[in-house]
Amino acid sequence: MHESSHTETPYTALGFYHKISQLRADTWNALKRDLGQLVRLDDEGRARNLVKAIDVKMTRLEIIEDYHAFPSKEDFRHLWSLFDREEYVLLEKVVKRLVRALISESYRRRHVDLSETDAGAEDLETLDALAQLRHGHPASNSSAQPYFELLIVDNLSAQEEEVVREAFHSLRRPEDRFVYDVVTVRSFEDALIAVLVNPNIQACLIRYEFPYKSKYNLSALRNYLEGLSEKELEYQTEAERSILLSSMIHELRPEIDQFLVTSGDVEATASRDIRHFNRIFYRETDYIEQHHTILRAIDSRYRTPFFDALREYSKKPTGVFHAMPISRGKSVTRSHWAGHMIDFYGINIFLAETSATSGGLDSLLQPYGPIKKAQEYAARAFGARQSFFVTNGTSTANKIVVQALVKPRDIVLIDRDCHKSHHYGMVLAGAHVSYLDSYPLNDYSMYGAVPLREIKETLLAYKRAGELHRVKMLLLTNCTFDGVVYNVRRVMEECLAIKPDLVFLWDEAWFAFATFNPTYRPRTAMHAARTLCDRYRSEAYREEYAAWKEAFDALDPDDDATWLEQRLLPDPDTVRIRTYATHSTHKTLTSLRQGSMIHVYDQEFRQRVEAPFHEAYMTHTSTSPNYQILASLDVGRMQAEMEGFELVHAQVEAALSLREQLYTHPLLQKYFRVLKNSDMVPSEYRESGVESYYDPVTGWNQMEEAWARDEFVVDPTRVTIAIGNTGVDGDAFKNEYLMNKYGIQINKTSRNTVLFMTNIGTTRGSIAYLLDVLIKLAKEFEYRWEESSRPERKIIEHRVHSLTRELPPLPDFSRFHAAFRQCSETPEGDIRRAYFLSYDEENTEYLRFDNGELQAEMRAGRDVVSASFVIPYPPGFPVLVPGQVISEEILHFLQALDVKEIHGYRPELGLIVFTEEALAAPPET
Ligand SMILES: Cc1ncc(COP(=O)(O)O)c(C=O)c1O
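First residue of the sequence shown? That's 126 in our numbering, and the numbers climb one at a time after it.
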């Protein structure tokens, strides 16, 4: 190896972990550029500088490439030897080929031998690179054998490493379903870095003795390595160390298939916690056995049972004698008018359109075959105990879960700014609703999320009133539309200390992708549920709880303040983990629209919920579910298990580079202020004190800390930009500027913000386009100001002032009227009764607030009560629900709103409210 890589101060390339793949690509390109200049240069002084720069770049790349199979360590030795011999022309040629092979990903399809200077091989890479440029993806993307990398952890010498690599290469057969290459690392820490920086790793073989420490400085990864002390590890046996490594790899990348090769003490290994190993091999086991076992493991993730069944079905000749004319394209192929539908969609979609539940297909309503299998795989992928596919979006998934668990009059605690499907779900289920208020972000007309203290206070109020037994469920949105994410585990832990059988429904419509990133995953419902379940079962927890309880009882347990001030722990003898999550798979992963999933981690499911869940599922599921949606959910799950880690990482990278530009570009900053963590999470909810994940000097290295500790964090892939300084409101900015002028679609605005969401399909190119558009718009606003007359400037200033200073405070939930409440001490209301009471016309009347009519009634002492949902867009949550008393603040907010779309409000009539007589009538029993 080249000298300089050892003499440099510890290089922090890995400190840029969040942007490692961009850094990798950019550094290779920069190296290629430097070499290109060097070979054409005749100025010696500049040449010396360039050689130095090339040395630095190669050193940086060598560290990164140490964790990748291509270029191999052998390839790198070749690069260094050319460099040392000053054969720069040849070096440039090799680097060019290497960069082409990386860009075109040709190394995934064939062996790229960098030592050969064969023009034919070069041409292949050039063709691949051209195909990539032309089509946006590598040539023959779908037909090639999928490629992955096998990580081997073993303290091997360079020669031994080559032998092992060759041994695996020699086993390749054309008929293998997959092809793989080998990366070797020599230490515990290096293994963890490898799985973090190299998404191609799909399998890991942990062999024999290896030291703990990496030769690199890993400060950037300290959060992942936290709690591990080197000393402790030094005393571990080989088996203990391997098992610990496997559990840490599992925590970072649970999808990776892990295998242990052990040399000794077989029985001792087998009696330990080896659950993360797919299989244990003993020293004598041969490579062939390992090879086949690895391929089989990968295959079990790669399989898509329902998609495969549907493809098979579509190939079979069938006569259609049921009511589905479009099936097999019959109604359109011979049509004189509708044939262009086939031209557009192609024939396959029609061949796959069926209502058959036989012939190898399955029934969503009673799955027994490939749908059942596909759902089981989904449960594995998302860490659930059971998963269910839903073909009508999370709007339906939410109603299914609520109906399955909530009986009429059960109390549900729910955030008021949740999605409307929940409010309607409450009406359908007959729940008595106790609304929780999220903290407001008045400056941006949006809400954050519900503080834990507010949830605990509400639960304690029920306890005091003797009504806690009626509280069935806590329903929260994780993450919110704007990207505020809960500390799910902490919320569940503390609530379970007050009510040990509380059911949690986490609406993760926007968070399915989070499962596939190690920073995000601990804040998902399924991960938190599993972690808590394991924790409460352990002896160690019993001891922790006993000590905590003693200390707690010594305070004043009869005082609510004690419960509010202390971090609470649930009693392991009574606690039950009952957690549900709903995902709009279609929002953040690959799936056709409306493809959603319900994930369950409920210790009571089998005994108490399965039957009602089935009924609820029947209530809401079409008897003609769309098979294409189901197949896309199956493929989406497979893709997430195979490359979710890579895609989500790239998404985060893209979002971070967008944010970075917005933080640092002077003109952009003038008009577009990107909201940081501290803008969206008030300091009392940020224990870590982290204000922004980004620091101009150290880069993006504050995210893990905030995500590990804080009550709330912001998902950086959702970029909210305050646009008040443009003088244009969110809605107009979205339609007139972004959509009409530049064809950029977004779906969320507030009065003075717009939200740019990235997703797993966002490319560096699309980020560059967006930045380009924003710069053009900023210039446009700049010219507008320069060219405006004095009166025009006054108008602009007035608009900017209104959008940045005159923001009506967001109103809290007022209260349900007494007519809809059972208990005067607690806040819950019977929303269903209020909803249906409005069906009889004589129970309601309209009152206008723009002419003071409604205000006059309020001043005269009347409780004016809404008879409907009133939902302005934006912000898109109900300002009023049926049965809710209208408050001054709500009226003030409605009057100040300058949006055109308010559902449930007709300006010419006013608000629909209950008559006083209707409210006076005794409730039906
Ligand atoms: C928080 C939340 N939950 C549920 C939904 C409904 O999801 P779907 O569109 O899949 O029905 C949405 C839709 O925007 C949402 O924002």
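Just so it is clear, CB atoms sit at the ideal spot from N, CA and C, and this is done for glycine as well.
Does the separation of the CB atoms of residue i and residue j fall below 8 Å?
i	j	result
K102	S546	This structure leaves residue 102 out entirely; the chain is present only between 126 and 1050.
I374	V289	no
V806	D840	no
E314	S282	no
F208	L215	no
S570	N877	yes
I399	I419	no
I536	E950	no
V526	T707	yes
S757	G720	yes
V989	L979	yes
V558	I539	yes
T883	A780	yes
V308	H416	no
A316	F273	no
E287	E187	no
F881	V609	no
D804	R703	no
M767	R426	yes
Mapping the DSSP letters down to three states, classify residue i as helix, strand or coil.
i	result
N154	helix
V610	strand
D684	coil
S991	strand
N877	coil
G494	coil
Y560	strand
E1042	helix
R930	helix
H465	helix
E950	coil
R235	coil
T969	strand
S265	Only weak support exists for where S265 lies, its pLDDT of 49 falling under 50; the coordinates are left without a value.
W832	helix
N603	coil
T656	helix
W825	coil
W631	strand
V164	helix
P647	helix
Judging by CA-CA distance, which residue of the options is the nearest neighbour of residue i?
i	options	result
D820	K801, D167, W832 and N877	K801
H88	Y213, F195 and I228	Coverage of the chain is limited to positions 126 through 1050, which leaves residue 88 absent and any answer about it impossible.
E1059	V773, V278 and E291	Here the chain has residues from 126 to 1050 only, and residue 1059 is not among them.
I496	E363, T1040, V760 and E274	V760
K597	V610, G555, E300 and L566	G555
P643	C948, D151, I900 and P379	P379
P533	C543, L553, I451 and E274	L553
K919	L863, M183, I474 and G852	G852
T789	G824, W153 and M767	G824
G849	S813, P492, K795 and M828	K795
L377	V995, G1001 and R646	R646
P1003	E230, L599, P625 and Y549	Y549
So residue i and residue j are supposed to be a Cβ contact under 8 Å. How far apart are they, rounded?
i	j	result
P324	F770	5 Å
I331	L296	I331 to L296, Cβ: 19 Å. No contact.
Y752	L972	So it is not a contact: roughly 49 Å between Cβ atoms.
F606	W635	7 Å
L163	Y213	5 Å
Is residue i near ligand 2, judged by its Cβ being under 7 Å from some heavy atom?
i	result
F606	Absent from the structure shown: ligand 2. Ligands present: ligand 1.
task = Check whether the segment 608-624 touches the segment 692-699, counting contact only when three or more Cβ pairs, one atom from each stretch, lie closer than 8 Å.
result = yes
task = Could you say if the segment 651-659 and the segment 720-739 meet the contact criterion of at least three C-beta pairs nearer than 8 Å?
result = yes
ask   = On the three-pair Cβ rule with 8 Å, is the segment 931-945 touching the segment 1003-1018?
value = yes
query = For the segment 706-714 against the segment 727-740, are there 3 or more C-beta pairs whose distance is under 8 Å?
reply = no
message = Quick check: the segment 178-185 against the segment 913-930, are at least 3 beta-carbon pairs closer than 8 Å?
response = no
query = Taking contact to mean at least 3 C-beta pairs separated by less than 8 Å, is the segment 494-510 in contact with the segment 951-970?
reply = no
message = Does the structure place the segment 1034-1045 close enough to the segment 583-596 that three or more beta carbon pairs sit under 8 Å?
response = no
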